[in-house]
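Read through the structure below, which is laid out as structure tokens, and then see the notes.
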């Protein structure tokens, strides 16, 4: 009885704005219960001291009586407490009791930082929700969840903590440090630079390669890879100060069995005329793969029925895929959509017409998961791939509609573009179909089956990084507006590689490897005829070797 009367008097006082008082079992309104256990925070990391939010709103703390929403301040910091990204003021609606939001929804996508955890006043927090106090006059307030729910004031600061995952930028100093410039998009090269004070001592540079940052590094031998192109500069060419990582990878691919998920690391040493090493650079990894990755969208792998449809940020580890259609507002970090019908077959049928996951006609062509081209925003789904100019790459993908039947089709396009052109502002890959010169293929499909598409692509001259991307043209109802184009166009088993594609049923693949020892000028192109016999069946083809 005493508590009930106390609550009513306190509610009335708060409603009149006369006092900020004590609630049963809580400290002053607007303060966190400092006796709350922090075991969850301690399991991950000891939270750093909260930096001051100088730009935070300075309004007086207030309860939510008579209000429609509460406000709070969000900031982003690295492991040293330094602010990164842009702070913001966020709101949560008091439209219903227990309205809650996950702090993960406020995580900013940044390729150089990985989100770790969130805190309020040094306490780790996973959710924020609306609660309410009943009494003579009721009011709303906000709570956060750590090990249990605790009251928190309005106008508080939610701090999101990140770990810096980017390789540190090389910082030259007067002592003669040596560093590597990434010029791959323009020239395909890593280029060595040394401080001017030490430059005169350099006789030549020596490049080293490894399959891992801390692995064994071997010297990169200078070889002629194709035509007049070499993988490493001659000593007479700026003292051998560059390695062409595209040509070097091609040479290694042709002479070794390489894992397509592996990317090389390089170091360079500056050597004087006496053969002494003056300086050695830090290791630098090639930021692009030599073939498209995660083409069957198996990463990240869903685990429960709620993961049948994952809407995930582009920063997700192992995803590799990127999109120009990033989620915003209430769809923040809902960037790419991955479906797994094995986890909830009924929902898969109702929402995507993926009935039996084991039926490759309407199920999944490869693995367990597929992707929907657009998630919550219209854009292009893409990867940037390291390519060798004038080489031939093979591509394939499976495409299927989501809702359409008969003549009601989903339509999409495949485009491939030089990343250098995108950076220069020429027809950027934003799904607006303005870059028709980069058009490679189009596909229309309804929900009844998967359509298989494949072909080859000749890489233009000077194109060392190629953007391989899909754009939505229209959804099943025939409209081309952005809202409808976020529904439909399912994809799976995508490939873009120098290697032969896996054969489809009733098809085969023949690989012919030509090895030439020494060089000889031939008068013209020459042809080789290959015949394969299997019982009464005979197939033949003629391969042409071109003069270069």
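Residue numbers (my numbering): 37 to 584.
Virtual Cβ for every residue (Gly too), placed ideally from N, Cα, C.
Being a predicted model, the structure only gives us computed values, none of them experimental.
Next item on the list: Could you check how far apart the C-beta atoms of residue 319 and residue 249 are, in whole angstroms? I think they sit under 8 Å.
Entry: 5 Å
Next item on the list: Taking all protein chains shown into account, decide if residue 222 is buried (16 or more other Cβ within 10 angstroms of its Cβ) or exposed.
Entry: It is exposed - the Cβ of residue 222 has fewer than 16 other Cβ atoms within 10 Å.
Checklist line | Option in 304, 182, 508, 427 with minimal Cα separation from residue 493 | finding: 427
Check: Residues in its own chain within less than 6 Å of residue 285 by CB, not counting five upstream and five downstream?
Finding: 326
Item checked: residue 351 versus residue 152 - alpha carbon distance -> 13 Å
Note to self: Quick check: the Cα distance between residue 569 and residue 430, rounded to an integer number of angstroms?
What the structure shows: Distance between the alpha carbons of residue 569 and residue 430: 26 Å.
Margin query: Can you tell me which residues form a DSSP beta bridge with residue 268?
Written below: 279
Next item on the list: Using the DSSP secondary-structure output, state which residues sit across from residue 477 in a beta bridge.
Entry: 450
Notebook entry, point to check: How many whole angstroms separate the CB atoms of residue 412 and residue 347, which I take to be in contact at a CB cut-off of 8 Å?
Noted result: 7 Å
Item checked: Span separating the alpha-carbon of residue 66 from that of residue 185 -> Confidence at residue 66 is low in this model, with a pLDDT of 32, below 50, so the placement of that residue should be treated as unreliable; the coordinate-derived value is given next. Take the alpha-carbon of residue 66 and the one of residue 185: they are about 14 Å apart.
Notebook entry, point to check: In the structure shown, what three-state DSSP assignment does residue 199 receive?
Noted result: strand
Item checked: N-terminal and C-terminal residue of the alpha helix (DSSP H) that residue 221 is part of -> 220-223
Checklist line | Endpoints, alpha helix (DSSP H) assigned at residue 458 | finding: 455-459
Notebook entry, point to check: Should residue 147 go down as buried or exposed, given a rule of 16 or more other Cβ atoms within 10 Å for buried?
Noted result: Its Cβ having fewer than 16 others within 10 Å, residue 147 is exposed.
Notebook entry, point to check: With a cut-off of 8 Å, do at least 3 Cβ pairs link the stretch 399-415 to the stretch 524-539?
Noted result: Using a Cβ-Cβ distance cut-off of 8 Å, the stretch 399-415 and the stretch 524-539 are in contact, since at least three pairs of beta carbons, one from each stretch, lie closer than that value.
Next item on the list: Just mark residue 536 as buried or exposed, buried being the case when its beta carbon has 16 or more other beta carbons within 10 Å.
Entry: By the 10 Å Cβ count, residue 536 comes out exposed.
Checklist line | 6 Å CB neighbourhood of residue 70 in its chain, flanking five on each side removed | finding: For residue 70, the pLDDT reaches just 31, beneath the cut-off of 50, and the residue's location in the model is therefore unreliable, leaving the point undetermined.
Note to self: If you follow the beta strand (DSSP E) that residue 494 is in, where does it begin and where does it stop?
What the structure shows: Start and end: 487-494.
Notebook entry, point to check: Residues bridged to residue 124 by DSSP?
Noted result: 110
Notebook entry, point to check: Of all the options 333, 538, 230, which has the alpha carbon lying nearest to the alpha carbon of residue 345?
Noted result: 333
Margin query: Which same chain residues end up closer than 6 Å to residue 278 when comparing Cβ atoms and leaving out the 5 residues on each side of it in sequence?
Written below: 225, 227, 269
Margin query: Assess contact between the stretch 471-490 and the stretch 443-462, defined as three or more Cβ pairs (one per stretch) separated by less than 8 Å. Is contact present?
Written below: yes
Next item on the list: Give the straight-line distance between the Cα atoms of residue 458 and residue 363, rounded to the nearest whole angstrom.
Entry: 21 Å
Next item on the list: Just confirm the distance between the C-beta atoms of residue 149 and residue 126, as a whole number of angstroms; I'd bet it's less than 8 Å.
Entry: Contact flag wrong, Cβ pair sits at about 19 Å.
Checklist line | For residue 329, three-class secondary structure by DSSP | finding: coil
Next item on the list: State the CB to CB distance for the pair residue 421 and residue 355, rounded to an integer number of angstroms; the pair is presumed to be in contact (CB under 8 Å).
Entry: Going by Cβ atoms, the distance from residue 421 to residue 355 rounds to 15 Å, so no, they are not a contact pair.
Item checked: Contiguous beta strand (DSSP E) assignments of at least 3 residues, all confined to the stretch 222-267 -> 225-230, 240-246, 260-262
Next item on the list: Using 10 angstroms around the beta-carbon of residue 585, count the other beta-carbons present and answer buried if the total reaches 16, otherwise exposed.
Entry: Nothing about residue 585 can be reported from this structure: the residues present for the chain run from 37 to 584 only.
Note to self: By DSSP's criteria, residue 159 is part of a beta bridge. Which residues make up the other side?
What the structure shows: 156
Notebook entry, point to check: Taking contact to mean at least 3 C-beta pairs separated by less than 8 Å, is the stretch 481-501 in contact with the stretch 292-309?
Noted result: No, the stretch 481-501 does not touch the stretch 292-309.
Notebook entry, point to check: In its own chain, which residues sit with a C-beta less than 6 Å from the C-beta of residue 404, not counting the 5 before and 5 after it?
Noted result: Around residue 404: 376, 378.
Next item on the list: Less than 8 Å between the CB atoms is what I'm expecting for residue 419 and residue 358, so what's the real figure, rounded?
Entry: 7 Å
Item checked: Pair within 8 Å by beta-carbon distance, residue 435 and residue 479 -> yes
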